[in-house]
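Chains as they are written, first to last, in this note's numbering: chain A, 1 to 222; chain B, 223 to 438. Inspection log for the structure reproduced underneath, given as structure tokens.
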């Protein structure tokens with residue numbers, strides 16, 4: 001494996017962090033790889049435009065940023081909705097890979113810190129994408145199902161990280177606590193702290209850690 | 223504000239003896255037209271959850287598209303006027319109650335008021351705050367709504383917040399704001415299928431945990 005260099009792809013996508021296998025495969029494999037790479041670079045261009053402007057980019061902007069023609073974009077994606085869905089899947093795959101469950105057996109404060117650090121990293125990286133996804137979900141059942149899936153994963157993760165504390169609560173209090181935790185650590189909660197109140201990443205994490213600690217019931221003794 | 227929107231300019235105009243009375247009558251009719259356009263916008267948003275077009279607003283209000291643009295230079299100006307109307311109505315219906323009551327009563331009072339507000343204004347909030355680019359007046363008003371929500375919580379929970387340092391108070395307020403956000407309410411109602419009472423119970427429990435002890 002090697003990292004793509006300036007000579008391998010358009011300069012606009014040089015920070016994409018994309019890697020490809022280098023093999024002496026038959027010509028058809030080469031074409032498929034190039035097509036896959038183009039597809040990846042278009043998705044990366046879409047995501048980087050979202051990060052830059054928070055506006056849903058046009059096909060012309062995406063093509064320009066990726067270094068391809070508009071026609072190339074629509075050769076790989078029948079319409080912009082397909083591109084949005086592909087970008088969403090790509091973002092979910094990347095964020096899931098970056099959010100491995102850690103410190104499940106740690107003490108209370110270790111688990112809270114671990115959860116908050118992971119969640120903060122995800123929010124910091126994917127907030128513009130999340131906003132675009134929410135803004136467009138009304139147009140597509142597929143986008144709606146992905147938003148729902150993402151929320152289920154966030155919910156499930158909270159359940160796993162705070163299982164010892166939550167196990168001490170009867171229903172419906174257990175579920176109520178999870179719903180409150182989910183609201184407090186939502187993307188827009190992070191966005192407000194960073195954008196509206198100008199908190200640093202560390203300060204924003206502190207708010208979440210303190211809040212989660214207060215919301216959770218006492219940790220049962222081992 | 224009512225959801226039913228009257229149509230046309232019907233109704234007897236105010237009649238006066240002189241020129242001033244005619245001017246007043248015209249101004250009153252113009253004001254009423256403006257209000258009906260705003261109410262048509264709000265009614266359409268509540269029904270569809272989408273930003274209405276000028277043609278839809280005109281049809282619902284019973285006026286021509288031209289009448290709309292005689293009163294509002296563009297749809298962004300109309301959105302700003304709708305926001306001002308909503309803020310005025312929400313403020314009128316959100317009188318501070320139970321300020322001197324015990325902790326639980328104050329929490330429940332705040333949650334009930336906020337839950338009712340979310341229930342009533344969520345579709346409009348979503349439409350108005352969806353795209354603020356190029357609309358500084360709207361951005362300013364959205365910011366003002368957020369400030370009003372925070373100020374209200376600060377007043378309702380003043381006894382508890384008075385016990386902690388500024389730094390801690392700020393953290394608590396950030397958490398309360400996130401918890402009582404419009405979309406937090408929407409998720410409880412739409413995604414998790416909670417009833418109004420259940421959603422209120424989630425907020426009551428969480429606020430009770432987040433607030434410091436009440437001073438004796």
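Don't be surprised by glycine CBs; every beta carbon is placed ideally from N, CA and C. Predicted model only: the values in this text are computed from it and were never measured.
{"query": "Looking only at its chain, what residues have a beta carbon closer than 8 Å to the beta carbon of residue 437 of chain B, apart from the 5 residues adjacent to it on each side?", "result": "381, 382, 384 and 385"}
{"query": "Please classify residue 44 of chain A: does DSSP put it in a helix, a strand, or coil?", "result": "helix"}
{"query": "Assuming residue 70 of chain A and residue 63 of chain A make a contact with CB atoms under 8 Å, what is their CB distance in whole Å?", "result": "5 Å"}
{"query": "Would residue 258 of chain A be called buried (16 or more neighbouring beta carbons within 10 Å of its own) or exposed?", "result": "The structure shown does not extend to residue 258 of chain A, since chain A is modelled only from 1 to 222, so the question has no answer here."}
{"query": "Would you mind reading off the limits of the alpha helix (DSSP H) that contains residue 93 of chain A?", "result": "80–98"}
{"query": "Near residue 430 of chain B, which residues of its chain fall below 7 Å by C-beta distance, leaving aside the five closest residues on each side in sequence?", "result": "329"}
{"query": "Which residues in the same chain as residue 106 of chain A place their Cβ atom closer than 8 Å to its Cβ, once the five residues preceding and following it in sequence are excluded?", "result": "114"}
{"query": "Using a cut-off of 9 Å between C-beta atoms, extract the partners of residue 399 of chain B located in chain A.", "result": "189 and 192"}
{"query": "Beta-carbon within less than 6 Å of residue 116 of chain A's beta-carbon, same chain only, minus the 5 sequence neighbours each way: which residues are those?", "result": "205, 208 and 209"}
{"query": "Compare the Cα-Cα distances from residue 252 of chain A to each of A:46, A:29 and A:104 and report the closest residue.", "result": "Residue 252 of chain A is absent from the structure shown; chain A starts at 1 and stops at 222."}
{"query": "Cα separation between residue 14 of chain A and residue 68 of chain A?", "result": "A caution first: residue 14 of chain A carries a pLDDT of 32, below 50, which makes its placement in the model unreliable, though a value can still be read off. If I take the Cα positions, the gap works out to 14 Å."}
{"query": "With contact counted as at least three CB pairs below 8 Å, one residue from each stretch, are the stretch 348–359 of chain B and the stretch 384–400 of chain B in contact?", "result": "no"}
{"query": "DSSP three-state call for residue 156 of chain A: helix, strand or coil?", "result": "helix"}
{"query": "Have a look at residue 417 of chain B and residue 345 of chain B and give me their C-alpha separation to the nearest angstrom.", "result": "18 Å"}
{"query": "Would you say residue 330 of chain B faces chain A, with C-beta separation under 8 Å as the test?", "result": "no"}
{"query": "Measure the C-alpha to C-alpha separation of residue 197 of chain A and residue 395 of chain B and round it to an integer number of angstroms.", "result": "11 Å"}
{"query": "Which of the three DSSP states is assigned to residue 315 of chain B in this structure?", "result": "coil"}
{"query": "Closest to residue 43 of chain A by CA distance: which of A:77, A:157 and A:112 is it?", "result": "A:77"}
{"query": "Under 8 Å, Cβ to Cβ, is there at least one residue of chain B near residue 70 of chain A?", "result": "no"}
{"query": "Would you please verify whether the beta carbon of residue 437 of chain B is less than 8 Å from any beta carbon of chain A?", "result": "no"}
{"query": "Should residue 433 of chain B be labelled buried (16 or more other beta-carbon atoms within 10 Å of its own) or exposed?", "result": "buried"}
{"query": "In chain order, what residues of the same chain lie with their CB nearer than 6 Å to the CB of residue 363 of chain B, ignoring the 5 residues before and after it?", "result": "305"}
{"query": "With 8 Å as the threshold, decide whether the Cβ of residue 58 of chain A is near any Cβ in chain B.", "result": "no"}
{"query": "In whole angstroms, what separates the C-alpha of residue 59 of chain A from that of residue 74 of chain A?", "result": "9 Å"}
{"query": "Under 8 Å, Cβ to Cβ, is there at least one residue of chain A near residue 414 of chain B?", "result": "yes"}
{"query": "Just reading off the alpha helix (DSSP H) that residue 75 of chain A is part of, what are its end residues?", "result": "70–76"}
{"query": "Looking at chain B, which residues of the stretch 172–187 of chain A have a Cβ within less than 9 Å of any of its Cβ atoms?", "result": "172, 173, 175, 176, 177, 179, 180, 181, 182, 183, 184, 185 and 186"}
{"query": "8 Å is my cut-off, CB to CB: does residue 375 of chain B come that close to chain A?", "result": "no"}
{"query": "Could you give the distance in angstroms between the alpha-carbon of residue 308 of chain B and the alpha-carbon of residue 317 of chain B?", "result": "15 Å"}
{"query": "Just by C-beta distance, which residues in the stretch 360–391 of chain B are closer than 7 Å to chain A?", "result": "none"}
{"query": "Considering only the alpha carbon of each residue, which of B:390, B:407, B:421 and B:422 lies closest to residue 214 of chain A?", "result": "B:390"}
{"query": "For residue 150 of chain A and residue 118 of chain A, what's the separation of their Cα atoms in angstroms?", "result": "15 Å"}
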